[in-house]
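Those sequence lines, one after another, are chains A and B.
The first sequence begins at 1 in this note's numbering and counts up by one.
The second sequence begins at 1001 in this note's numbering and counts up by one.
For every residue, glycine included, the Cβ atom is placed at its ideal position computed from N, Cα and C.
Model, not experiment: these values are computed from the prediction.
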Amino acid sequence: EAQVTQNPRYLITVTGKKLTVTCSQNMNHEYMSWYRQDPGLGLRQIYYSMNVEVTDKGDVPEGYKVSRKEKRNFPLILESPSPNQTSLYFCASSFSRGYGYTFGSGTRLTVV
Amino acid sequence: AQSVTQLDSQVPVFEEAPVELRCNYSSSVSVYLFWYVQYPNQGLQLLLKYLSGSTLVKGINGFEAEFNKSQTSFHLRKPSVHISDTAEYFCAVSDPGNQGGKLIFGQGTELSVKP
């Protein structure tokens, strides 16, 4: 089944403890992206990648890192999480710019 | 900068009634347009998209949308809704020239279908 898989689905962590949210797609998509969803602010892009080793900032990149060493994987790294990063995170992938993104099921992160 | 406005934050409707979810976008240049649906505790699922060509776009689950360039609108419609259509719906726009294919989302419309 074609899908974007994120792990974990739920995560509660403490301020400052480094964490990684994994994302993998099995559709051989070139484009991958991370979004966060917050009440009242909607969905905002954090980072995106157009291909292996090609990444760039979205609208809200502060406090996040990403890497794209393989085409299928696009992990999101929070080096020192803070409470304002408590959010619902979505990884997404796309065949091309106009194709529309396929989204993962989301990771609900709580930083205390 | 582009923006997307979904004119109704909540739309209650009875089962088997028609529904229209309204979406307006700000850009007057060429854009790609999308509608996504989000069921509780799930990710977003693509309902339909407009890239070019026919202004009436048909999607999954019986939904359709009409692109109106002069009114910069992309309203979503369904002639007869089911209880299972209860979800949040997001309109999104993308600039074809944007390198990362970034989607700009509206704030979402909660569709509540009542028996």
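8 Å Cβ cutoff met for residue i and residue j
i, j, result
"residue 1113(B)", "residue 1082(B)", "yes"
"residue 18(A)", "residue 80(A)", "yes"
"residue 104(A)", "residue 14(A)", "no"
"residue 99(A)", "residue 92(A)", "no"
"residue 1109(B)", "residue 1003(B)", "no"
"residue 1093(B)", "residue 1039(B)", "no"
"residue 75(A)", "residue 21(A)", "yes"
"residue 1111(B)", "residue 1021(B)", "yes"
"residue 9(A)", "residue 108(A)", "yes"
"residue 1037(B)", "residue 1089(B)", "yes"
"residue 1041(B)", "residue 1055(B)", "no"
DSSP bridge partner residues for residue i (one or two, in chain order)
i, result
"residue 1092(B)", "1034(B), 1105(B)"
"residue 1045(B)", "1037(B)"
"residue 12(A)", "110(A)"
"residue 97(A)", "For residue 97(A), which the question treats as bridged, DSSP gives no partner whatsoever."
"residue 90(A)", "35(A)"
"residue 1077(B)", "1020(B), 1064(B)"
"residue 1110(B)", "1010(B), 1088(B)"
"residue 1058(B)", "1064(B)"
"residue 1071(B)", "Looking at the DSSP assignment, residue 1071(B) forms no beta bridge with any residue, so it has no partner."
Residue from the options whose Cα sits closest to the Cα of residue i
i, options, result
"residue 1044(B)", "1097(B), 1087(B), 1023(B)", "1087(B)"
"residue 147(A)", "36(A), 32(A), 97(A), 60(A)", "This structure cannot speak to residue 147(A), because chain A is shown only from 1 to 112."
"residue 96(A)", "51(A), 82(A), 3(A)", "51(A)"
"residue 111(A)", "34(A), 93(A), 89(A)", "89(A)"
"residue 39(A)", "1106(B), 1001(B), 1023(B)", "1106(B)"
"residue 68(A)", "9(A), 54(A), 58(A), 86(A)", "54(A)"
"residue 87(A)", "43(A), 58(A), 47(A)", "43(A)"
"residue 1066(B)", "1091(B), 1085(B), 1084(B), 1042(B)", "1091(B)"
"residue 1116(B)", "1084(B), 1096(B), 1080(B), 1041(B)", "With chain B covering 1001 to 1115 only, the question about residue 1116(B) has no answer from this structure."
"residue 1100(B)", "106(A), 85(A), 63(A), 46(A)", "46(A)"
"residue 2(A)", "25(A), 16(A), 12(A)", "25(A)"
"residue 16(A)", "106(A), 73(A), 63(A)", "63(A)"
"residue 1053(B)", "1085(B), 1033(B), 1084(B)", "1033(B)"
Neighbourhood of residue i by C-beta, 8 Å cutoff - its chain only, sequence neighbours within 5 removed
i, result
"residue 1063(B)", "1035, 1047, 1048, 1076, 1077, 1078"
"residue 1027(B)", "1002, 1072, 1093, 1095"
Cβ-based neighbour list, residue i, same chain, cut-off 6 Å, excluding 5 preceding and 5 following
i, result
"residue 83(A)", "111"
"residue 1115(B)", "1015"
"residue 71(A)", "52"
"residue 77(A)", "20, 65"
"residue 1050(B)", "1033, 1057, 1067"
"residue 1012(B)", "1112"
"residue 1059(B)", "1047, 1048"
is_contact[residue i, chain D] using C-beta, thresh 8 Å
i, result
"residue 74(A)", "Any reference to chain D falls outside this structure, whose protein chains are A and B."
Same chain only: Cβ atoms within 7 Å of residue i, ignoring 5 sequence neighbours per side
i, result
"residue 57(A)", "47"
Closer than 7 Å: residue i CB and nearest the ligand PLP heavy atom
i, result
"residue 1011(B)", "Absence of the ligand PLP from the depicted structure is noted, as is the absence of any ligand whatsoever, leaving it without description."
Problem - Ordered list of beta strand (DSSP E) runs contained in the segment 20-88 of chain A, each at least 3 residues - result: 31-38, 42-51, 54-57, 76-78
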